[in-house]
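As given, the protein sequences belong to chains A and B, one line each in that order.
With positions in the first sequence counted from 1, the corresponding number in my numbering is that position plus 1.
With positions in the second sequence counted from 1, the corresponding number in my numbering is that position plus 704.
For every residue, glycine included, the Cβ atom is placed at its ideal position computed from N, Cα and C.
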Amino acid sequence: MRGYSIFSLARNALSGHRNWPAAWRSPEPQPAYDVVIVGGGGHGLATAYYLAKEHGITNVAVLEKGWLGGGNTGRNTTIVRSNYYLEPNAHFYEFSLKLWEGLSAELNYNVMFSQRGVLNLAHTPGELEAYQRRGNAMRLNGIDAVLLSREAIARAVPLLDCSDAARYPIVGGLLQPRGGTARHDAVAWGYARAADARGVDIIQNCEVTGIQREGGYVTGVETTRGPIAAKKIGICVAGHSGVLAAMAGLRLPIESHVLQAMVSEPVKPVLDTVVTSGAIHFYVSQSDKGELVMGGDLDGFNSYAQRGGLRIIEHVVEACLMLFPSFSRLRLLRTWGGIMDMTMDGSPIIAKLPLEGLYLNGGWCYGGFKATPGSGWVFAHTIAREQPHPLNADFTLERFAEGSMIDDKGAGAVPWAQ
Amino acid sequence: MTRAPALCRGPNDGGGRTVLLIRCPWCGAREETEFAYGGDATVTRPDPARADAKAWHDYVYVRANPKGPHHELWYHAAGCRRWLRVTRDTASHAILACAPVGPEPR
């Protein structure tokens, strides 16, 4: 791999930028691989990269039904944070956040990770106390957390309506200063380029249509480009986890739901942090292009359709204007939906499935993007060593039967309430 | 049944991105905002006298989660307050059937 640097930029500028090499090859699929990763989003590509780099397993293919990062990797709202209360989630997401902090250098690819802080607003004293409890838990786990007063929030985010007249008055908030945003496409492209350089075959426009089994073992996959044999198969398909599991005759504690997001027209910098409100189901940040990136809650019914209803868009916009009245003159530029694989406790499943050679990385609910580096790291470990990394040892499929759920929200077995 | 006005037509009705339109057998075509979702209608509560832990686990946690026709429960909270069994295609949001749950009212 030719490294990207100031020198390569200068060299290519001399030839008018016409001679940059392709960032990755597009090989024809081989008949067999040691490991086949299904899904060429951030998680699948990160898994392939760490399989090659940390475990020396390079006879690997990543199969993507569309184009790289064209699923949830390109549909999320790019927020990175580790502000969790329960220990398994806290340790895992904090490990992932630490990988984010070195990711651009690691991949020789600018993922534009911007630690602009993630602020959770509290609208009642009770909510603020809950945030205080969460912040204390985070600090005990070595994660940064700062409790802010209303006055401090008004200084930090001047456009926020912190007045007494606000429909949902702001009484304080919890800030994770090391949280922030990243450029989602760059994460997929950076991992793809780095994995390709270590020998991983990245095969786009190749949809997996079946999983071959013999006895209790997987032996390969059927694809739209023919059968491919594999000793091990890793599933990283987000919303389609249940569809892939069904190909192997398995059912999961997962439902697929649509989550919408939207952006305003681009404006000059007005918001330099991520602002969220759990109580009114809303979050917003400003992209480097200047668009306000906003999202809210699930539409609330099973869906694979990648689009949702107007009522959620209305809710998000209403919530936005209650918090930021000055945004009322902006036009909405674009809305879209992505399919979340919602587990029954709100936490992911990164584990071996009850079929030899088959592994699942899924159940990401709303949290998949920020987990990308950590998820790839522990999933590669799980596949290579055939046992979980300590950081994903609790994210099992069996935890529901064992009563050891990781329910950060405490909502019970209702996927659309997580 | 008359076709809903354009603004009410949802993704299930060949219209734009608006709302689901659920044809309640008692109230007629109503927007999804009148309803509360009740989830997969195919899971059935095991017999407490006989069920083992696995049967309860499967009932509480495990779902078929199909991409395609899905039998599901909706509660007409802002209407007749009856539970309905709706068959909806999860890939297109098209509503294929809508029937009452439980015995017919007199």
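Residue i by DSSP, collapsed to three states: which one?
i, result
"tyrosine 85 of chain A", "coil"
"leucine 724 of chain B", "coil"
"histidine 774 of chain B", "strand"
"glutamine 261 of chain A", "strand"
"lysine 353 of chain A", "strand"
"cysteine 802 of chain B", "strand"
"lysine 410 of chain A", "coil"
"alanine 11 of chain A", "helix"
"threonine 706 of chain B", "Summary for threonine 706 of chain B: the model assigns pLDDT 45, below 50, so the residue's position carries little reliability, and this model does not support an answer."
"threonine 274 of chain A", "coil"
"leucine 793 of chain B", "One point to set straight first is that residue 793 of chain B is aspartate, not leucine, in the sequence displayed. Reduced to three states, the DSSP call for aspartate 793 of chain B is strand."
"alanine 782 of chain B", "coil"
"isoleucine 255 of chain A", "strand"
"lysine 66 of chain A", "coil"
"arginine 19 of chain A", "coil"
"tryptophan 25 of chain A", "coil"
"phenylalanine 396 of chain A", "coil"
"tyrosine 34 of chain A", "strand"
"glycine 243 of chain A", "helix"
"aspartate 346 of chain A", "coil"
"tyrosine 421 of chain A", "Lying outside 2 to 419, the shown extent of chain A, residue 421 of chain A is not represented and no answer is given."
"asparagine 716 of chain B", "With a pLDDT of 43 at asparagine 716 of chain B, under the threshold of 50, the predicted position of this residue should be treated as unreliable, and no value is reported."
"arginine 754 of chain B", "coil"
"threonine 737 of chain B", "helix"
"isoleucine 229 of chain A", "strand"
"aspartate 186 of chain A", "helix"
"isoleucine 80 of chain A", "strand"
"leucine 331 of chain A", "coil"
"alanine 133 of chain A", "One detail in the question is off: residue 133 of chain A reads as glutamine in this sequence, not alanine. Correct three-state label for glutamine 133 of chain A: helix."
"phenylalanine 325 of chain A", "coil"
"serine 376 of chain A", "helix"
"leucine 122 of chain A", "strand"
"tyrosine 94 of chain A", "helix"
"aspartate 762 of chain B", "helix"
"glycine 369 of chain A", "helix"
Thinking C-beta only, is residue j closer than 8 Å to residue i?
i, j, result
"tyrosine 51 of chain A", "tryptophan 378 of chain A", "yes"
"glycine 363 of chain A", "serine 242 of chain A", "yes"
"glutamate 357 of chain A", "glycine 217 of chain A", "yes"
"valine 39 of chain A", "valine 201 of chain A", "no"
"aspartate 409 of chain A", "asparagine 90 of chain A", "yes"
"alanine 53 of chain A", "alanine 166 of chain A", "no"
"isoleucine 350 of chain A", "phenylalanine 396 of chain A", "yes"
"glycine 155 of chain A", "leucine 161 of chain A", "Checking the sequence shown, residue 155 of chain A turns out to be alanine, not glycine. Against a cut-off of 8 Å, the Cβ pair of leucine 161 of chain A and alanine 155 of chain A comes out as a contact."
"serine 105 of chain A", "phenylalanine 114 of chain A", "yes"
"histidine 79 of chain A", "threonine 220 of chain A", "The identity of residue 79 of chain A in the sequence shown is threonine, whereas the question assumes histidine. Contact: no."
"proline 729 of chain B", "alanine 803 of chain B", "yes"
"arginine 179 of chain A", "leucine 98 of chain A", "yes"
"tyrosine 132 of chain A", "glycine 103 of chain A", "no"
Measuring only between beta-carbons, confirm whether residue i sits less than 8 Å from chain A.
i, result
"threonine 737 of chain B", "yes"
"alanine 745 of chain B", "no"
"tyrosine 765 of chain B", "yes"
"alanine 813 of chain B", "With chain B running from 705 to 810 in the structure shown, residue 813 of chain B is simply not present."
"alanine 803 of chain B", "no"
Under 8 Å, Cβ to Cβ, is there at least one residue of chain B near residue i?
i, result
"arginine 76 of chain A", "no"
"alanine 372 of chain A", "no"
"lysine 410 of chain A", "no"
"serine 257 of chain A", "yes"
"methionine 263 of chain A", "no"
"methionine 341 of chain A", "no"
"asparagine 303 of chain A", "yes"
"valine 119 of chain A", "no"
"proline 254 of chain A", "yes"
"valine 244 of chain A", "yes"
"methionine 2 of chain A", "no"
"alanine 414 of chain A", "yes"
"methionine 345 of chain A", "yes"
"alanine 352 of chain A", "no"
"tryptophan 417 of chain A", "yes"
"alanine 306 of chain A", "yes"
Strictly below 9 Å CB to CB, what residues from chain E border residue i?
i, result
"valine 723 of chain B", "This model lacks chain E altogether; the protein chains it does include are A and B."
| request: Mind the definition here: the stretch 732–739 of chain B touches the stretch 771–789 of chain B only if three or more C-beta pairs lie below 8 Å; say whether that holds. | output: The answer is yes - the stretch 771–789 of chain B touches the stretch 732–739 of chain B, with three or more Cβ pairs under 8 Å.
| query | Does the stretch 22–31 of chain A come close enough to the stretch 220–235 of chain A to have 3 or more Cβ pairs within less than 8 Å? | reply | The stretch 22–31 of chain A vs the stretch 220–235 of chain A: in contact.
| query | Quick one, which residues of the stretch 41–70 of chain A are near chain B if we go by CB-CB under 7 Å, in chain order? | reply | none
| said: Beta carbons nearer than 7 Å to chain A: which residues of the stretch 763–796 of chain B have them? | reply: Val764, Tyr765, Val766, Arg767, Ala768, Asn769, Lys771, His774, Glu776, Thr794, Ala795, Ser796
| query | Between the stretch 259–277 of chain A and the stretch 290–305 of chain A, do at least 3 Cβ pairs fall closer than 8 Å? | reply | Inter-segment contact for the stretch 259–277 of chain A and the stretch 290–305 of chain A is present: three or more beta-carbon pairs are separated by less than 8 Å.
| message | Quick test of the definition: if touching needs 3 or more C-beta pairs under 8 Å, does the stretch 130–139 of chain A touch the stretch 300–313 of chain A? | response | no
| query | Would you say the stretch 396–407 of chain A touches the stretch 65–80 of chain A, given that touching needs at least three Cβ pairs under 8 Å? | reply | no
| Which residues, in order along the stretch 381–404 of chain A, keep a beta-carbon less than 8 Å from a beta-carbon of chain B? | Phe401, Ala402
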